[in-house]
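Trainee:
In my numbering, the protein residues as written are 5 to 138.
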C-alpha cells in the first residue's frame, strides 16, 4: 500500500481522462483495501468504478466483473478495452465483449496472453494511448 503509482502511470491516467476516456478497475483486491489505496495515492477521481470479488457472484475469468463495470460506464462493450497482465483478464474481457490488451510484466508471457485472447500486446503503458486512439 505504501509504494504507490509511478509518475508515468499518473500522467497516463491524466492524459486518458483529458481525452474523455471513462476508466474503471476490476481487481482481486478487496474493496476496502482498494479504496484505501486509491485514496492514499489520490487516484480515485480517475476511475468511475472499481469492481472487486465481493460485488459479483463470479470473478475472473468470468465476464461478470467486466459486465458490471461496463454497466456502470453506460457504454457498449464493443467500445470498451480491458488492459491486464494475466490470462484471466483477457478471457474475462473477451467473454464480456470488449477488446483485450495484454501487458506482460512478470508472471505471464506475451504468448500466454495472446493464447488467452489478447487483441493487442503492449510492453509498456506508454504504448496504450496509441492503441486506444486508433
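We put the beta carbon where it would ideally sit given N, CA and C, even for glycine.
Beta-carbon within less than 7 Å of residue 76's beta-carbon, same chain only, minus the 5 sequence neighbours each way: which residues are those?
Mentor: The residue given as residue 76 occupies position 72 in the chain shown. Cβ neighbours of residue 76 beyond the five flanking positions: 28, 52 and 53.
Trainee: Please classify residue 137 as buried or exposed, where buried requires at least 16 neighbouring CB atoms within 10 angstroms.
Mentor: Working through the chain shown from its first residue, we reach residue 137 at position 133. So residue 137 ends up on the exposed side.
Trainee: Out of 42, 124, 106 and 25, state which residue places its alpha-carbon closest to the alpha-carbon of residue 7.
Mentor: In the chain shown, the residue the question calls residue 7 occupies position 3. Ranking 42, 124, 106 and 25 by Cα distance to residue 7 puts 42 first.
Trainee: Does the distance from the CB of residue 72 to the CB of residue 87 come in under 8 Å?
Mentor: Here residue 72 is taken as the residue at index 68 of the chain shown, counted from 1. Here residue 87 is taken as the residue at index 83 of the chain shown, counted from 1. The answer is no: Cβ separation not under 8 Å.
Trainee: Quick one: is residue 93 buried, meaning 16 or more other Cβ sit within 10 Å of its Cβ, or exposed?
Mentor: As a working note, residue 93 is residue 89 in the chain shown. Buried, by the Cβ-count rule.
Trainee: Just to confirm the assignment: which complete beta strand (DSSP E) runs, minimum length 3, are found wholly within the stretch 43-94?
Mentor: Those beta strand (DSSP E) runs which fall completely within the stretch 43-94 and span 3+ residues are 51-55 and 85-88.
Trainee: Excluding the 5 residues preceding and the 5 following residue 156 in the sequence, name in chain order all residues of the same chain whose CB lies nearer than 7 Å to its CB.
Mentor: The displayed coordinates of the chain run from 5 to 138. Any statement about residue 156 would go beyond what the structure contains.
Trainee: Considering just the uninterrupted stretch of the alpha helix (DSSP H) at residue 114, what are its terminal residues?
Mentor: If you number the chain shown from 1, residue 114 lands on position 110. Its alpha helix (DSSP H) spans residues 114-119.
Trainee: Taking 6 Å as the limit between beta carbons, can you name the residues of its chain near residue 17, skipping five residues before and five after?
Mentor: Taking the chain shown and counting its residues from 1, one reaches residue 17 at position 13. Counting only Cβ-Cβ distances below 6 Å, and skipping sequence neighbours, we find 50.
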